[in-house]
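Enquirer: Following the numbering used here, the numbering of the sequence shown begins with 20 at its first residue and continues without gaps.
Let me give you the structure first, and then I'll get to my questions.
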Amino acid sequence: MLNPIDPDQVIRDGGVTGCFPEEIHPGVAWWMAACYVVTTRADRLVVAYDGQPATAEFFDRMCLGAINAQHYKCHVIDRGPASPDDLLAAMKELERVPGMYASTDNGTATITLYDRDGAPLTDRTGLQLIRRMIAEDRVPIPVNTESKGRIQPYAEVVR
């Protein structure tokens with residue numbers, strides 16, 4: 020694994036949290052999104068971030084990880100800069116689509132994964148499986164270009 024992390028230390032409490040760049044890096048966002056799509060078999064995913072410049076790369080990597088997750092052809096709905104409440108509202112409006120939210124605060128980066136009901140993921144609802152996939156370096160990669168998903172702005176989806 021390039022740029023290894025300590026999965027047991029940083030993947031917890033609904034997602035991944037750690038000091039940036041010491042404990043986590045933007046590549047972790049790719050890993051988390053790809054693993055989340057595969058473990059939930061999601062064909063759609065809503066993503067958003069806090070709008071901070073430091074968070075933008077994490078957000079971009081989340082989108083890329085989700086659309087490149089094996090053969091799932093995930094449709095990523097880009098909510099862009101938003102609050103966690105805005106993300107949850109979009110997930111509900113789109114009929115229980117899972118979501119991911121990236122934020123940074125005082126050198127700490129956090130990516131929260133939300134299930135279809137808007138609850139942060141727990142070990143019992145998939146976080147443990149994602150942690151194990153990353154620890155064992157089994158991050159899913161795309162099968163072929165035809166299996167690649169797409170990214171679409173939220174405003175285009177809810178017209």
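Note that the Cβ used here is the ideal one computed from N, Cα and C, for glycine as well.
DSSP on GLY33, reduced to helix/strand/coil?
Expert: GLY33: coil per DSSP, three-state reduction.
Enquirer: What residues match up with MET119 in a beta bridge as DSSP calls it?
Expert: VAL66 and LEU132.
Enquirer: Where does ALA109 land, buried or exposed, given buried means 16+ other C-beta within 10 angstroms?
Expert: By the neighbour-count rule (16 or more Cβ atoms within 10 Å), ALA109 is buried.
Enquirer: Write down the C-beta distance between ILE30 and ILE149 rounded to the nearest angstrom, noting that I regard them as a contact closer than 8 angstroms.
Expert: ILE30 to ILE149, Cβ: 7 angstroms. Contact.
Enquirer: Does the region 101-119 come close enough to the region 133-147 to have 3 or more Cβ pairs within less than 8 angstroms?
Expert: The answer is yes - the region 133-147 touches the region 101-119, with three or more Cβ pairs under 8 angstroms.
Enquirer: Measure from the C-beta of ARG157 to each C-beta in chain C and report whether the shortest distance is under 8 angstroms.
Expert: Of the protein chains in the structure, only one exists, and it is not chain C.
Enquirer: Going by beta carbon distance, what residues of the same chain come within less than 8 angstroms of CYS93, once the five residues before and after it are set aside?
Expert: Around CYS93: VAL56, ALA61, ASP62, ARG63, LEU64, ALA85, ILE86 and GLY168.
Enquirer: When the distance is taken between beta carbons, is GLU112 closer than 8 angstroms to VAL177?
Expert: Yes, Cβ-Cβ distance for VAL177 and GLU112 is below 8 angstroms.
Enquirer: When burial is assigned at 16 or more other CB atoms within 10 Å of the CB, is PRO100 buried or exposed?
Expert: Exposed.
Enquirer: Given GLY145, which residues of its chain have a CB within under 6 angstroms of its CB, disregarding the five upstream and five downstream residues?
Expert: Closer than 6 angstroms at Cβ, skipping near neighbours: THR58.
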